[in-house]
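What follows is a short report on a single structure.
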Amino acid sequence: MVKPIMKDVFFLQQKSEPATKADEQVVQDLLDTLKANEAGCVGMAANMIGVKKRIIVVNVGFMNIPMINPMIVKKSGAYETEEGCLSLVGVRKTTRYREIEVEFWDASWKKQRQKYSGWIAQIIQHECDHLDGIII
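With this note's numbering applied, the sequence shown corresponds to residues 287 to 422, in that order.
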């Protein structure tokens, strides 16, 4: 189900809790909401639809993939950039990393460990910041 985008900064600054199999509907709601906002959005965290769970969805070009309880375990190649967010107005400066390695559970609850670089790595970092209550 497509959900409204959370814009309450106080809510967005709160850390998210680990997701469980009981949160499968949240995964689908995130996928639906990202699809509905694809013209101006390439990733989304559960708190952006009002749910404080560690779930993100990321557009990887040809599809949107969910990541449950993602954790960035390696990062390299720091650089400065500017980002926007559906939950905020305008753009802000931030530091990101060109290459990251992420551990997460996929939608079938299989543990994954993947390397990402460039634009997709930047999106994942932005969404993982949301889970930790970090707003650009």
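All C-beta atoms, glycine included, are put in the ideal place defined by N, C-alpha and C.
For K321, the enclosing alpha helix (DSSP H) stretches over residues E310 to A322. A check of alpha carbon separations from I291 across G329, M357 and S373 identifies S373 as the nearest. Looking at the backbone, the Cα of D318 and that of M330 are separated by about 11 Å.
Beta-bridge partners assigned by DSSP to N350: N345. For V295, the enclosing alpha helix (DSSP H) has its first and last residue at V295 to L298. Around R378, the same chain offers I422 as residues with beta carbons nearer than 6 Å, after the five sequence neighbours per side are excluded. Within the same chain, Cβ atoms closer than 7 Å to the Cβ of V346 are found at I406, the five residues on either side in sequence being excluded. Counting the other Cβ atoms within 10 Å of the Cβ of R340 gives 16 or more, which makes it buried. Burial is judged here by how many other beta carbons sit within 10 angstroms of a residue's own beta carbon; V288 has fewer than 16 and is exposed. Contact between the region 347-357 and the region 382-392 is present: 3 or more CB-CB pairs across the two stretches fall below 8 Å. Within the same chain, K289, P290, M292 and F297 come within 8 Å of G336 by CB-CB distance, once the 5 residues on both sides are set aside. For A332, the closest C-alpha among the options G326, E324, A325 and V344 is that of V344.
According to the DSSP assignment, W405 belongs to the alpha helix (DSSP H) that extends over G404 to L417.
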